[in-house]
Structure formats: structure tokens, C-alpha cells
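S.K.: Mapping the sequence shown onto UniProt numbering, position 352 (from 1) lands on 352, and the numbers just tick up by one.
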Amino acid sequence: TTFQDGGEEVEDGAVYNVTLKKVQIQQAANKGARWLGGEGDQLPPEHTVRQYETSKIRAIKAGTLEKLVENLLTAFGDADFSYISIFLATYRAFASPRAVLELLLDRFGNLETSSHGEVANLNSLESEMVLRVEIASVLRAWLDQCSEDFREPPDYMCLLKLLDYLKNNMPNSDMESRVQNLLKQFQNQEVEAVDGFCSTSSSDLVDGEELEICSPEEFSSFQDHVVAEQLTYMDVMLFRRVVPYHCLGSIWSQRDKKENKNLAPTVRATITQFNAVTKCVISTILGTRELKIQQRAKIIEKWIHIAHECRILKNFSSLRAIISALQSNSIYRLKTTWMCVSKDILLMYEELSEIFSDHDNYLTSRELLMKEATSKFANLDSSEKENQKKSQKRLQLQKNKGVMQGTVPYLGTFLTDLIMLDTALQDYVEGGLINFEKRRREFEVIAQIKLLQSSCNSYCLIPDQKFIQWFRRQRHLTEEESYKLSREAETAADTNILSPKSQKSMVKRISTLFLGTDVFTPPKEQPPKSSPVGGSSGESTDSASVSSCEFNHSETEDVCVTPVSSPEDPLKKGYDSDKGSISSDKGSISNKGLDSSKGSIFDPGSGSDSGSIPTRDSGSVLSSVPKVLPVYNRQSGGSCIIRVSMDGLHASVYKSILITNQDRIPDVTQRALLKHNLEPDAVEDYELVQVISEDKELVFPRDANVFYGMNSHVNFDFILRKKA
């Protein structure tokens, strides 16, 4: 089969794309072969004659609503076999069900009054039957694919109109009884919002129950795979109910208008569930103030295991919700708690996080989703051997049970795609015709959603009412509450003396996990023989840290200092720019006591491969720490830390940024803007300058490599200055 572009055909009120399709329809024996009794498919090519047929495929490109509805009846004749499905999935963007139904039944379905060219020439019962079959085919597809279009309580005008048409034109047909049953079904059902098992309003609770912060013991009583299965059960129930046209960009983008507060309820329900999972994760980690560091770390580990179980179940919605919660400001900044999380689980967390990397428009998650959309089981690859063994063992258990799995996507990816399409493509083309090419593009996304909805029928999950009730009972923390509890938890961790066991866990590799901003320096197991740096012999410097700044998830480091005491800082730390020291209630660290070539402040999240943490012993480090660490004022191992301040502010108000020998000016500028809470898209408006001395500075060209271009013999102090 070969295809050839046949150009366009323009009619009154419609434009068509034409494609010529050449198909071999017969391969017969030639005369000599037939005389010998040979068959065409059993003979060599030289003894056969091939016959081809060229057919024309017309696909409507743009048209009036009347023409688009008319095309529902002629699409099969034009060989545009997907047209009906595309129209039914997308027409709500430019027409109402009533308008389409009236055109279909009154204009084209009424044989007596129709002025439609095809109908006007009907002089035989046979032609009338053909049209009736075409209309019945469209109506059947409409009821099969989009029965929700007819849910219009309390009057159900469209459904009653359809029923009246069927009684007059197709009496006692299967279609008529089907519409009657659908009408009864709608009338018997209460007007219900999709509950999705996710609302935490009091109306969803059993009498006498109240919202509460769960106890760690109650949460720990649920096995990891049980939690994952129940989250998947809830997600599946919601995702299967999603009405595809609710996802269209032209509809979903209008959700914030006051008059559209009930718009797209099925999509809102999935988002509510996603947010409920995210808030549940945060509440279980921060909700109990009395938790010790190790206990809080165990809860984080449990959620990472649950996320991994969601990955095995191919539930990308709850998986992303859990990862998002762990990357939230209030959880991510718990450096001391994260240090107590085991290395294997941290590696598992990193691998799960990589699935949702925003690199190349979330290419990894898109490819994975399409790869596993119709597969029976998850395809688990892990770079860490121990995690690989556990994953394969769990997967084998699933296979042994013979239970197939569907795939629950993160719906936000599709919503974004559809909004982008709606923004990029025009609704109408020249002549005021509806741009149906846009609808074909949108249907490519809608078809993926429908495919995944179909795959969800493979799940065989049983609801666990104990867990569901527990999940509904959770009182969710506000952002302010969670951040306050996070600061309290980290402050308590700073002031506590940790056991040797927890101290050992701190020197494990943290990699890119710590994107927060509070720098924590762990206490020594035994104090040094000499006096601690910057304080008297009787003072402890274990709690010394640096006040926080805003963090960004995309960063791999964040060492920040603020010049004055922050009212939100529970330790009330201040920075004395004259003395160059950071003071706290319990002690201080003076730059005089530190070798500047070895750095004065180390951040466990500064992007070093080891992630190991130094002590305060005059630049000495723990025995397990490699010699090469990214530090301020020294280039080592292809990386270093620079300090960037904004032009016009005091030089001590800076953000510390890790750079590598791969970073160029746009990368560093964007990172600095993010750290200073400025719009990262404004990279072109700024220039990066290194301060050489009071009267000298180094201005970098736009695409320069900062690491190799900077002056390494002076302080690594930079200014971000708006271009003139």
C-alpha cells in the first residue's frame, strides 16, 4: 500500500485534506499459467498479473458546525474511519450536545424536511435505510463513548429528544431500549460529585469521628504493599471515571473562573486525591512533635518503600504525589533526618525521583508511561543491585499470582499537553471555519488517556476499609503549619546530642537529596582536647548553624547566610559582618579559627560525590571523607562554591552556589536568580561579574565557562548586575 498527497478540496463551508491510497487488490495468474492450472499466489512474479486500485481518502480539515455534523454520516464513505471518535471526544470545545443532536436528528435525520443534498435525491426505500443505518451508527458510537454527555439533570432534554426520535423512526429497536435504560439509570442516581475516596470533609466520616493527626504507630501498622495497593485502588476508581473532554485545554483552562467552580469535576477529583496523598505524607512525617530523629527517618523510609510499591503497581499518580511530598520545602529541609535514612533507600529514592525529571519535557516519564501502558507488569531496572533484587522479588510474586496490572498515569502531564495545544493552535481558520486539525491533534492525547483507562480494567484490587477510613481521617497541615513544624524538628535535631550509631549514619552519601538551606554541622562523638573553635572550653558549638534562605528543588546545593537575625529563625542567629563570624546562643564560629583555603562552612547538600560532612576541627574532616570536597574559595575536583550577591545590596547578603567545570554563564545566572527569588527567565537581562578588588572586576562574556574563566587567586565573590 502506498499513499500520495492529493492536496486540498474546498467546498462551501468545508476544507478537506485529500490522500490517494494505492492498494493491490488482486494477484492472478497470467494466461499461460492459467492454461497450466497454476494459482496466482503459488507462482513466481513473472507468471502473475497484479491489479491495483487507487482510492481517495478525504479528511475534513476545517468546516462549519453543520458540515462537521454532516461529515459524521459521510466519514466512512470518505474512508476517514477515525472521524466519529475524534469528533465525539472533542466537540465540546466548540459546540454543545444539544446543538449537535438537533443538527443530527432535525437536519439530517428528518427525511421529509431535509435539504441535505444526499437526502434530497433519495427516491428509494433502500437509500432511506442506508441513511437510517448511518445515523444509528453515529448514535450508537455516541452512547458507547460519551454517554455522560446526556447526563443533564433534572430534565435530561437531550436524552428525551433522542428517545422521541427513536420511537418515531426506529421503534422497538435495541437502541430505543438502551436509551430508556440509560434514562432510568440517570434518574435513579442522585446528583453526585465524584467522591474519589479522597475528601477529608466531615461529611465523609463516620458519625463521631473527627479529623486527626495519626499516631506513628497506627501508620506503621499498615504494610507497605497494602498502602500502595489501597492508594492505587483509589486512583484507579477516579481515573476510570475521568471524562476525557474534561481534560481539553479550552475547558480545563477555564476552571479558575468563578462561574466554572463545578467545571470538569472528574479531573478535579483526581487532583484532590493527588493533593490528599501529598498532604498525608507531610502530616505523617511532621504531625507528631515528639518524634525522635531516627523515628522520623523511619517514616520517610516507609514512604519511599510505599512509592516503590506504587512503581511496581504502575501507579505513577501516587508515586509522583509521594515524591512531590518528600521534595516539598518542609520535608526536604530536614537535613538531620535525611542523614539517618539508609544509603540503599536514598538510592531507591533518587531512582524514583529520576522518573519525573523535567529534562526534555519530562521525556523519561513519558517514554516509561507509553512503554508500560499495555504491558502486563512493570519493567523495573535499578542501578543498585540490592534494590534490583528486591524489585524483582516483589515483581515475581505478582507474576506468580497471575494478576495483571493496568497503568495509572500522572494526569497532570496530559493536562499540560492539552493546554499547550489549545494555546498554540487557533480555534478558527480563515472564513470563520472550525479548525478540526486542532481537534485531531488533541485527540492524539485523548486517545492515550482512553488507552490507559482501558488498561485499568486489569487491576484486581479489594478495598481495605480500615486503611481508607484512616486515610480519610487525616488532618492535613497547612503550608505554614508544616513549615513551622519542620523548623521546630530541625532545631530540636540541632540541639540534641546524637548517639554514635546515628553519627555514623550521617556520613553516608546524601548526593542530591539536600536542597534545603539550613547548614547543619554534626556534633563530634567526643570533644577535642583543645578548646572548641570560636568559644570557651566550656561551651558547646554543636548547635551552631546558619539561618535559612529560600530553597529550590532543582538545585544540588544551597549554603546561605543572612546578614541579620531572622525573626523566623528559632535559634535567633545573627551575622556580624565586621568580625566575620556566625554567632548563636550557645557558641560561635569565627573565621579567624578556620583556614580559609579549606572553607569555613560545609553544606551536606553541596553536590559532592561523597556527601560526607566535616567537623569543626580547624579544617580537619572525618576519616571517611575524601580529600576533594567543593568548598568556597578553592577549586577542587572540578567544582567549587561561589558567593553571588545582587548589585545594590550589601556584599554580605549573598547566596552560595555550587558550580562545576561544565557550567556556563546562563546556568549560573539562572541558579543565582532562583536563589534570590527572582524570575529565572530573566537570564538575558543580567550579567555576572567577579569582584577582583575595590576598583577592579571581571565581567564574563555571555557563554563563558565560569569555572575556567574566573580568577582563582582572589575571593570567589560575584555580583549579579542588571544590564544597562
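For each residue, glycine too, the CB sits at the ideal point set by N, CA and C.
Source: prediction; values computed, not measured.
#1: Is the separation between the beta-carbon of residue 264 and that of residue 251 shorter than 8 Å?
#2: From residue 327 to residue 433, what distance separates their C-alpha atoms?
#3: Roughly how many whole angstroms lie between the Cα atoms of residue 533 and residue 634?
#4: In its own chain, which residues sit with a C-beta less than 7 Å from the C-beta of residue 417, not counting the 5 before and 5 after it?
#5: Exposed or buried, which one is residue 289 when buried takes at least 16 other CB atoms within 10 Å?
#6: Between residue 611 and residue 347, what straight-line distance do the alpha-carbon atoms span, to the nearest angstrom?
#7: Decide yes or no for the touch test of the segment 428-443 against the segment 81-90: beta carbon pairs closer than 8 Å, at least 3 of them.
#8: If you pair each beta-carbon of the segment 327-340 with each one of the segment 420-428, do three or more pairs fall below 8 Å?
#9: Any contact between the segment 660-667 and the segment 635-650? By contact I mean 3 or more CB pairs, one from each, below 8 Å.
#10: Counting only beta-carbon separations shorter than 8 Å, does residue 442 have a partner in chain B?
#11: Over what stretch of residues does the alpha helix (DSSP H) that includes residue 310 continue unbroken?
#12: How long is the line joining the alpha carbons of residue 351 and residue 724, rounded to whole angstroms?
#13: For residue 18 versus residue 7, is the C-beta distance shorter than 8 Å?
#14: Taking residue 23 and residue 53 to be in contact with their CB atoms under 8 Å, please state how far apart those CB atoms are, rounded to whole angstroms.
#15: Going straight from the alpha carbon of residue 79 to that of residue 482, what length do you get?
#16: Measuring only the C-alpha atoms, how far is residue 127 from residue 361?
#17: List the whole-angstrom C-beta distance separating residue 105 from residue 72, where the pair is believed to meet the contact cut-off of C-beta under 8 Å.
#18: Count the other CB atoms within 10 Å of the CB of residue 718; is the residue buried (16 or more) or exposed (fewer)?
#19: Let me know if residue 430 comes out buried or exposed under the rule of 16 or more other beta-carbons within 10 Å of its beta-carbon.
#20: Using the beta-carbon count (16 or more within 10 Å), is residue 460 buried or exposed?
#21: Residue 348 by DSSP, collapsed to three states: which one?
#22: Do residue 180 and residue 85 come within 8 Å of each other at the CB atom, strictly closer than that value?
#23: Bridge partners for residue 698 per DSSP, in chain order?
#24: What separation, rounded to the nearest whole angstrom, lies between the Cα atoms of residue 687 and residue 712?
#25: Just to confirm my understanding: we take residue 708, look at its own chain, exclude 5 residues before and 5 after, and list those with CB closer than 7 Å. What are they?
#26: Whose C-alpha, out of 304, 292 and 689, is nearest the C-alpha of residue 706?
#27: Looking only at C-alpha atoms, which of 349, 245 and 710 sits nearest to residue 310?
#28: Could you check how far apart the C-beta atoms of residue 223 and residue 313 are, in whole angstroms? I think they sit under 8 Å.
#29: Classify residue 186 as helix, strand or coil using the three-state DSSP reduction.
#30: Alpha carbon to alpha carbon, how far is residue 372 from residue 453?
#31: Hey, quick one: how far does the alpha helix (DSSP H) through residue 249 stretch, first residue to last?
#32: How big is the Cα-Cα spacing for residue 298 and residue 408?
#33: Within 10 Å of its beta-carbon, does residue 363 have 16 or more other beta-carbons around it, so buried, or fewer, so exposed?
#34: Look up residue 430 in the DSSP assignment and say whether it is helix, strand or coil.
#35: Does DSSP classify residue 607 as helix, strand or coil?
#36: Classify residue 149 as buried or exposed, calling it buried when 16 or more other Cβ atoms lie within 10 Å of its own Cβ.
M.R.: Here's the rundown:
#1: Yes.
#2: Answer to the nearest angstrom: the Cα atoms are 47 Å apart.
#3: Any reading at residue 533 must be qualified, since the residue scores a pLDDT of 31, below 50, and its modelled position is unreliable; the value itself is stated next. Straight-line Cα distance between these residues: approximately 22 Å.
#4: Closer than 7 Å at Cβ, skipping near neighbours: 445.
#5: It is exposed - the Cβ of residue 289 has fewer than 16 other Cβ atoms within 10 Å.
#6: Confidence at residue 611 is low in this model, with a pLDDT of 35, below 50, so the placement of that residue should be treated as unreliable; the coordinate-derived value is given next. Whole-angstrom Cα-Cα distance: 13 Å.
#7: Flag = yes, the segment 428-443 and the segment 81-90 touch.
#8: Because the criterion of three Cβ pairs below 8 Å is not met, the segment 327-340 and the segment 420-428 do not touch.
#9: Yes, the segment 660-667 touches the segment 635-650.
#10: Annotation note: the requested chain B is absent from the structure, which comprises a single protein chain.
#11: Membership of residue 310 in the alpha helix (DSSP H) is indicated by the continuous run 293-312.
#12: Each residue's alpha carbon lies about 44 Å from the other.
#13: For the pair residue 18 and residue 7, the CB atoms are nearer than the 8 Å cut-off.
#14: The C-beta distance from residue 23 to residue 53 rounds to 6 Å, short enough to fall under 8 Å.
#15: Rounded to whole angstroms, residue 79 to residue 482 spans 58 Å at the Cα level.
#16: Distance from the CA atom of residue 127 to the CA atom of residue 361, rounded to whole angstroms, is 52 Å.
#17: Between residue 105 and residue 72 the beta-carbon gap is near 12 Å, outside 8 Å, which marks them as no contact.
#18: Buried, by the Cβ-count rule.
#19: Residue 430 is exposed by the Cβ-count criterion.
#20: With a 10 Å radius around the Cβ and a threshold of 16 neighbouring Cβ atoms, residue 460 comes out exposed.
#21: Looking at residue 348 - three-state DSSP - the assignment turns out to be helix.
#22: Contact flag unset, no.
#23: Paired residue(s): 690.
#24: In a straight line, the C-alpha of residue 687 is about 19 Å away from that of residue 712.
#25: Taken in chain order, the residues that qualify are 661.
#26: Ranking 304, 292 and 689 by CA distance to the CA of residue 706 puts 689 first.
#27: Residue nearest to residue 310 within the set 349, 245 and 710 is 349 (criterion: CA-CA distance).
#28: About 14 Å; that fails the 8 Å criterion.
#29: The answer is helix: DSSP assigns residue 186 an H, G or I state.
#30: Spanning the two alpha carbons is a distance of roughly 13 Å.
#31: DSSP places residue 249 in the uninterrupted alpha helix (DSSP H) bounded by 249-252.
#32: When rounded, the distance between both Cα atoms is 27 Å.
#33: Around the beta-carbon of residue 363, fewer than 16 other beta-carbon atoms lie within 10 Å, marking it exposed.
#34: If DSSP states are grouped into helix, strand and coil, residue 430 belongs with coil.
#35: Per-residue confidence for residue 607 stands at a pLDDT of 37, beneath the threshold of 50, marking its modelled position as unreliable; the derived number appears in the next sentence. Correct three-state label for residue 607: coil.
#36: Buried is the call here.
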